[in-house]
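**Student:**
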Amino acid sequence: MKATAAPLIPPGVKRCPTWQFALWIGLAAAVLAWGVYAIILVWWKGLNQTNMNDAYGFALWIWADLAVIALGGGAFFTGFLTYIIGKDKLKAIINFAVIIGFICYSSALLILAIDIGQPLRGWFIFWHANVHSMLTEVAFCLSVYFAVLTIEFIPLILENPKLKAKPFLHHLSHNMHEIMAVFAATGVFLSFFHQGSLGGVAGVLFGRPFAFREGIFIWPWTFFLFTWSAAACGPCFTILVTWLTEKITRKKLVKQDVIQLLAKISGWMLLTYIIAKTSDTLYWAMVTAPSKGFALMDFYSNNPLYGIWILIAEIVVCGYLPALILVSKRGRENASLLMLAVVLAVIGISINRWVMVLQVMAAPLFPFKEWVMYAPSWQEVATTILPIAYGIIIISLAYRYLPVFPHEKELNPAGGSGR
Amino acid sequence: MTQANATKYGMVIDLDKCTGCGACMVACYAENNVPFKKDESDKLDSINWIRVFKVSNRKPWPDTEICYLPMPCMHCGGIGDHGHSPCVSVCPATATDYDHGTGIVSQIYTRCFGCRYCMAACPYHARKFNWWDPVWPGDMEQYLSPNVSARMRGVVEKCSFCFHRYQLAKDRAYHEGRHQEPLGENEYQTACVEACPAGAMTFGDLNNPKHAVYNLKKSPHAFRLLERLQTNPKVYYISSREWVRRSGDNYLAHEEAGSIKRATANHH
Numbered sequence: 004m005k006a007t008a009a010p011l012i013p014p015g016v017k018r019c020p021t022w023q024f025a026l027w028i029g030l031a032a033a034v035l036a037w038g039v040y041a042i043i044l045v046w047w048k049g050l051n052q053t054n055m056n057d058a059y060g061f062a063l064w065i066w067a068d069l070a071v072i073a074l075g076g077g078a079f080f081t082g083f084l085t086y087i088i089g090k091d092k093l094k095a096i097i098n099f100a101v102i103i104g105f106i107c108y109s110s111a112l113l114i115l116a117i118d119i120g121q122p123l124r125g126w127f128i129f130w131h132a133n134v135h136s137m138l139t140e141v142a143f144c145l146s147v148y149f150a151v152l153t154i155e156f157i158p159l160i161l162e163n164p165k166l167k168a169k170p171f172l173h174h175l176s177h178n179m180h181e182i183m184a185v186f187a188a189t190g191v192f193l194s195f196f197h198q199g200s201l202g203g204v205a206g207v208l209f210g211r212p213f214a215f216r217e218g219i220f221i222w223p224w225t226f227f228l229f230t231w232s233a234a235a236c237g238p239c240f241t242i243l244v245t246w247l248t249e250k251i252t253r254k255k256l257v258k259q260d261v262i263q264l265l266a267k268i269s270g271w272m273l274l275t276y277i278i279a280k281t282s283d284t285l286y287w288a289m290v291t292a293p294s295k296g297f298a299l300m301d302f303y304s305n306n307p308l309y310g311i312w313i314l315i316a317e318i319v320v321c322g323y324l325p326a327l328i329l330v331s332k333r334g335r336e337n338a339s340l341l342m343l344a345v346v347l348a349v350i351g352i353s354i355n356r357w358v359m360v361l362q363v364m365a366a367p368l369f370p371f372k373e374w375v376m377y378a379p380s381w382q383e384v385a386t387t388i389l390p391i392a393y394g395i396i397i398i399s400l401a402y403r404y405l406p407v408f409p410h411e412k413e414l415n416p417a418g419g420s421g422r
Numbered sequence: 124m125t126q127a128n129a130t131k132y133g134m135v136i137d138l139d140k141c142t143g144c145g146a147c148m149v150a151c152y153a154e155n156n157v158p159f160k161k162d163e164s165d166k167l168d169s170i171n172w173i174r175v176f177k178v179s180n181r182k183p184w185p186d187t188e189i190c191y192l193p194m195p196c197m198h199c200g201g202i203g204d205h206g207h208s209p210c211v212s213v214c215p216a217t218a219t220d221y222d223h224g225t226g227i228v229s230q231i232y233t234r235c236f237g238c239r240y241c242m243a244a245c246p247y248h249a250r251k252f253n254w255w256d257p258v259w260p261g262d263m264e265q266y267l268s269p270n271v272s273a274r275m276r277g278v279v280e281k282c283s284f285c286f287h288r289y290q291l292a293k294d295r296a297y298h299e300g301r302h303q304e305p306l307g308e309n310e311y312q313t314a315c316v317e318a319c320p321a322g323a324m325t326f327g328d329l330n331n332p333k334h335a336v337y338n339l340k341k342s343p344h345a346f347r348l349l350e351r352l353q354t355n356p357k358v359y360y361i362s363s364r365e366w367v368r369r370s371g372d373n374y375l376a377h378e379e380a381g382s383i384k385r386a387t388a389n390h391h
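See below:
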């Protein structure tokens with residue numbers, strides 16, 4: 004078969020007309036352009052374009068980084084379940100999990116590149132690496148894992164009919180598939196470390212009693228809690244984005260038993276995580292913080308935002324509640340409850356990352372100082388929304404041109420009624 | 124040289140003497156080429172290597188009392204004084220370092236890439252970020268000190284205990300053939316200490332019995348800021364007023380101000 008004769012869209016599946024697709028991409032590209040404009044402003048004029056200040060060295064962007072990396076955790080944990088534990092059923096969703104992971108991690112790297120005061124010196128983190136710094140560990144693992152995600156994504160790109168028609172690319176794709184388990188295992192190993200070291204970033208701050216945690220050897224408890232929560236909530240985000248994709252395309256793309264399996268595993272991970280998180284919070288509130296002269300309510304009063312509600316929202320409403328829904332068969336088999344649970348889990352992990360960055364900065368350290376509140380500038384907001392537009396574009400392109408969902412044809416005979 | 128008898132520069136600030144005049148801040152700006160904004164009303168993004176805080180006992184008149192508290196970088200030694208200060212241990216690019224020969228925490232401006240992790244780590248807010256390019260009005264650029272490099276936009280800076288003065292004093296001692304001997308107390312003094320008109324600030328080697336700070340830090344009224352965080356600062360404060368000492372750290376309602384310090388001393 005000649006390469007030129009091969010179709011661009013995978014055969015046997017239905018896709019929307021080009022004009023409709025172009026309009027959809029155009030809308031997302033407009034939002035993306037807004038973010039790019041903000042990036043240019045920040046790179047050109049400096050971080051004075053943000054509302055960060057000396058009290059808020061870390062702010063919205065670091066939260067966004069932590070949140071997207073946690074939500075992108077679906078890639079490594081689904082990879083772990085598929086290739087290492089041997090849950091073959093999950094092969095139906097691993098492609099999509101990898102794409103979501105790729106989007107999340109590339110977004111995180113982009114945000115980091117905006118967030119540093121001297122972007123051209125970004126490579127110093129590798130060249131002058133301080134092995135004692137959790138951020139060094141984050142930078143190394145994050146970069147290498149992003150490379151792994153790219154390697155995991157490439158064979159799928161090569162599955163495009165037009166590319167597959169070229170013998171070299173076809174064989175490359177085949178050979179990469181053969182050794183993918185090795186990369187998946189590498190990705191899992193790296194992810195356990197960088198998800199953990201992101202938790203360590205806050206947990207090692209012994210000058211910040213709201214963040215500081217004891218731990219084992221060099222690793223504070225937050226190291227383990229961050230990995231655990233990413234493994235629990237990352238797959239929830241994968242389920243959520245799959246559901247959104249199904250709603251937008253008006254098609255069933257992943258078999259329900261696959262979703263159910265992922266939801267069940269996620270539920271047990273979330274339940275065990277939230278029990279560990281509760282224990283950590285209790286020990287911190289009753290032992291660690293008082294040893295530094297702080298009572299629990301010192302961190303949740305005398306300010307306009309951070310009340311005890313945020314702790315209850317994170318642990319009870321967005322922790323125990325979704326965990327109990329997901330571990331119960333009746334709960335996760337009810338479509339509405341399932342979606343409620345995954346949305347709550349995603350909100351819960353985002354709240355956790357928020358408080359471990361923003362509330363740490365806000366809380367006063369001296370009895371004569373007040374809480375410092377912060378609202379991001381439009382440039383910070385635009386660059387934080389950018390990954391959503393970027394993600395929509397990548398997913399749309401992948402869905403249109405690549406065989407992302409192996410059961411799509413089976414679930415939608417004769418192309419189905421969707422787009 | 125062991126850790127215990129190594130030179131360890133530090134400061135003692137007598138808060139009963141400080142009038143809050145701000146001469147220390149002005150001297151520091153001039154000495155260290157510290158940049159400033161056209162409008163300095165928003166202190167959250169002002170750069171200052173030493174800042175004088177106004178602390179109140181929060182009692183209504185006539186019992187109101189005020190204390191002025193100058194706060195430079197504490198040059199923390201960290202737990203056990205091993206040099207693992209909150210900021211040094213977190214900097215991913217080794218752009219800040221603990222000098223075991225002087226106990227001074229340095230900042231390498233040309234290596235800092237502006238991640239601001241050190242600022243998140245420092246409980247004293249001693250570290251300031253250059254949110255803007257430094258701009259010197261009029262011909263002020265001609266008056267910058269040649270001994271201190273000006274910093275660029277996008278990097279963190281902080282008090283260095285006027286380290287360039289230490290280097291100049293060491294150079295002089297070397298030329299005079301005294302490089303094996305420790306520097307005399309008056310050979311190396313920081314700009315803020317020299318400028319203090321009230322004599323509230325004293326600087327020297329905390330480990331050298333010939334230096335005034337050696338004995339001053341042993342005052343029963345001496346304390347350090349946020350000692351409970353185990354940052355191990357090298358700046359000591361003295362105040363005869365109990366409420367001032369209590370303001371320097373956090374205490375639970377039932378704890379009395381000196382209790383933690385005494386417990387730590389007994390432990391050692």
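Each protein sequence line maps, in turn, to chains A and B.
Residues in the first sequence are numbered from 4 upward in steps of one, following the numbering used here.
Residues in the second sequence are numbered from 124 upward in steps of one, following the numbering used here.
Beta carbons are placed, not taken as given, at the ideal position from N, Cα and C, and that holds for glycine.
1) Going by the CB atoms, is the gap between I87(A) and V191(A) shorter than 8 angstroms?
2) For the segment 389-409 of chain A, which residues have a beta carbon sitting closer than 7 angstroms to at least one beta carbon of chain B?
3) What would DSSP say about T291(A), mapped onto helix, strand or coil?
4) In chain order, what residues of the segment 343-357 of chain B put their CB closer than 7 angstroms to some CB of chain A?
5) Could I get the ranges of all uninterrupted beta strand (DSSP E) runs contained in the segment 147-212 of chain B, with 3 residues as the minimum, in chain order?
6) Would you say T217(B) faces chain A, with C-beta separation under 8 angstroms as the test?
7) Does the Cβ of H298(B) have 16 or more other Cβ atoms within 10 Å, making it buried, or fewer, making it exposed?
8) Under 8 angstroms by Cβ, that's how I've got T230(A) and G270(A) pegged, so tell me the actual separation to the nearest angstrom.
9) Which residues in the same chain as A184(A) place their Cβ atom closer than 7 angstroms to its Cβ, once the five residues preceding and following it in sequence are excluded?
10) Please specify which runs of the alpha helix (DSSP H), each continuous and at least 4 residues long, are wholly inside the segment 306-383 of chain B, giving them in chain order.
11) Assign M134(B) to one of three DSSP states: helix, strand, or coil.
12) To the nearest angstrom, report how far apart L324(A) and E383(A) are at their CA atoms.
13) Below 9 angstroms between beta carbons is the criterion; list the residues of the segment 243-267 of chain B that meet it against any residue of chain A, in chain order.
14) Here's the rule: buried if 16 or more other CB atoms are within 10 angstroms of the residue's CB, otherwise exposed. What is P307(A)?
15) On the three-pair Cβ rule with 8 angstroms, is the segment 322-336 of chain A touching the segment 361-369 of chain A?
16) Using DSSP with H/G/I as helix, E/B as strand and the rest coil, what is Y221(B)?
17) So, helix, strand or coil for K5(A), using DSSP?
18) How would you write the range of the alpha helix (DSSP H) that V228(B) sits in, first residue to last?
19) By Cβ distance below 8 angstroms, which residues in the same chain neighbour E365(B) in space, the five residues on each side in sequence not counted?
20) Hey, how far is the Cα of T252(A) from the Cα of L265(A)?
21) Name the residues in the segment 212-240 of chain A whose C-beta lies less than 9 angstroms from a C-beta of chain B; which are they?
22) Indicate the three-state DSSP secondary structure (helix, strand or coil) for K48(A) in the structure shown.
23) Name the DSSP bridge partner or partners of G38(A)?
24) Could you name the residues of the segment 202-214 of chain B whose beta carbon sits closer than 7 angstroms to any beta carbon of chain A, in the order they occur along the chain?
25) Roughly how many whole angstroms lie between the Cα atoms of V397(B) and F369(A)?
26) Could you compute how far the alpha carbon of P13(A) sits from the alpha carbon of G125(A)?
27) Where C239(A) and G75(A) are concerned, what is the direct C-alpha to C-alpha distance, given to the nearest angstrom?
28) Answer with yes or no whether the minimum CB distance from A142(A) to chain B is below 8 angstroms.
29) Look at A392(A) and G38(A) and say whether their C-beta atoms are less than 8 angstroms apart.
30) State the DSSP-derived secondary structure class of F252(B), mapped to helix, strand or coil.
31) In terms of DSSP beta bridges, what is V279(B) paired with?
32) Starting from F192(A), trace the alpha helix (DSSP H) both ways and give me its first and last residue.
33) Kindly indicate if chain A contains any beta-carbon less than 8 angstroms away from that of L375(B).
34) Does DSSP classify I119(A) as helix, strand or coil?
35) Does the beta-carbon of I182(A) have 16 or more other beta-carbons within 10 angstroms, so that it is buried, or is it exposed?
36) Quick check: what's the CA-CA separation for F252(B) versus T284(A)?
**Tutor:** Reading off the structure:
1) Judged by their CB atoms, V191(A) and I87(A) are nearer to each other than the 8 angstroms cut-off.
2) Result list empty, no residue passes.
3) Note: T291(A) maps to helix in three-state DSSP.
4) Within the segment 343-357 of chain B, the residues whose Cβ lies closer than 7 angstroms to some Cβ of chain A are L349, R351, L352, Q353, T354, listed in chain order.
5) Segments of the beta strand (DSSP E) lying fully in the segment 147-212 of chain B: 174-179, 189-194.
6) At a cut-off of 8 angstroms between beta carbons, T217(B) contacts chain A.
7) Classification for H298(B): exposed.
8) Cβ-Cβ separation between T230(A) and G270(A): approximately 18 angstroms, too far for a contact (criterion under 8 angstroms).
9) Once the five neighbours on either side are set aside, the close Cβ partners of A184(A) are Y86.
10) Here the runs fully enclosed are 314-318, 335-339, 365-370.
11) Correct three-state label for M134(B): strand.
12) Going from the Cα of L324(A) to the Cα of E383(A) covers about 32 angstroms.
13) From the segment 243-267 of chain B, only A243, A244, C245, P246, Y247, H248, R250, K251, F252, N253, W254, W255, D256 have a Cβ closer than 9 angstroms to chain A.
14) Using a 10 angstroms sphere on the CB of P307(A), the tally of other CB atoms stays under 16, which defines it as exposed.
15) No, the segment 322-336 of chain A does not touch the segment 361-369 of chain A.
16) Strand at Y221(B).
17) Only weak support is given to the placement of K5(A): the predicted model assigns it a pLDDT of 46, under 50, and the value that follows is read from those uncertain coordinates. Coil.
18) For V228(B), there is no enclosing alpha helix (DSSP H); the enclosing beta strand (DSSP E) covers residues 227-230.
19) Counting only residues of its own chain and dropping the five nearest sequence neighbours on each side, E365(B) has a CB closer than 8 angstroms to the CB of A380.
20) T252(A) and L265(A): Cα-Cα distance of roughly 22 angstroms.
21) Answer set for the segment 212-240 of chain A: P212, A214, F215.
22) Residue state for K48(A) is assigned as helix, using DSSP reduced to three classes.
23) Residue pairing for G38(A): DSSP places it in no beta bridge.
24) Those residues of the segment 202-214 of chain B that come within reach of chain A (Cβ to Cβ, closer than 7 angstroms) are P209, S212, V213, C214.
25) Nothing about residue 397(B) can be reported from this structure: the residues present for chain B run from 124 to 391 only.
26) For P13(A) and G125(A), the gap between their C-alpha atoms comes out near 40 angstroms.
27) Whole-angstrom Cα-Cα distance: 10 angstroms.
28) Taking Cβ atoms only, chain B reaches closer than 8 angstroms to A142(A), which makes this a yes.
29) It is a contact, given that the beta carbons lie within the stated cut-off.
30) In the structure shown, F252(B) adopts extended strand secondary structure according to DSSP, grouped into three states.
31) Under the DSSP definition of a beta bridge, V279(B) partners with F252(B).
32) Element bounds for F192(A): 183-206.
33) Chain A has a Cβ within less than 8 angstroms of the Cβ of L375(B).
34) Under the three-state reduction of DSSP, I119(A) is assigned to coil, being neither helix nor strand.
35) I182(A) counts as exposed, since fewer than 16 other C-beta atoms from the protein chains shown sit within 10 angstroms of its C-beta.
36) Roughly 32 angstroms between the two C-alpha positions.
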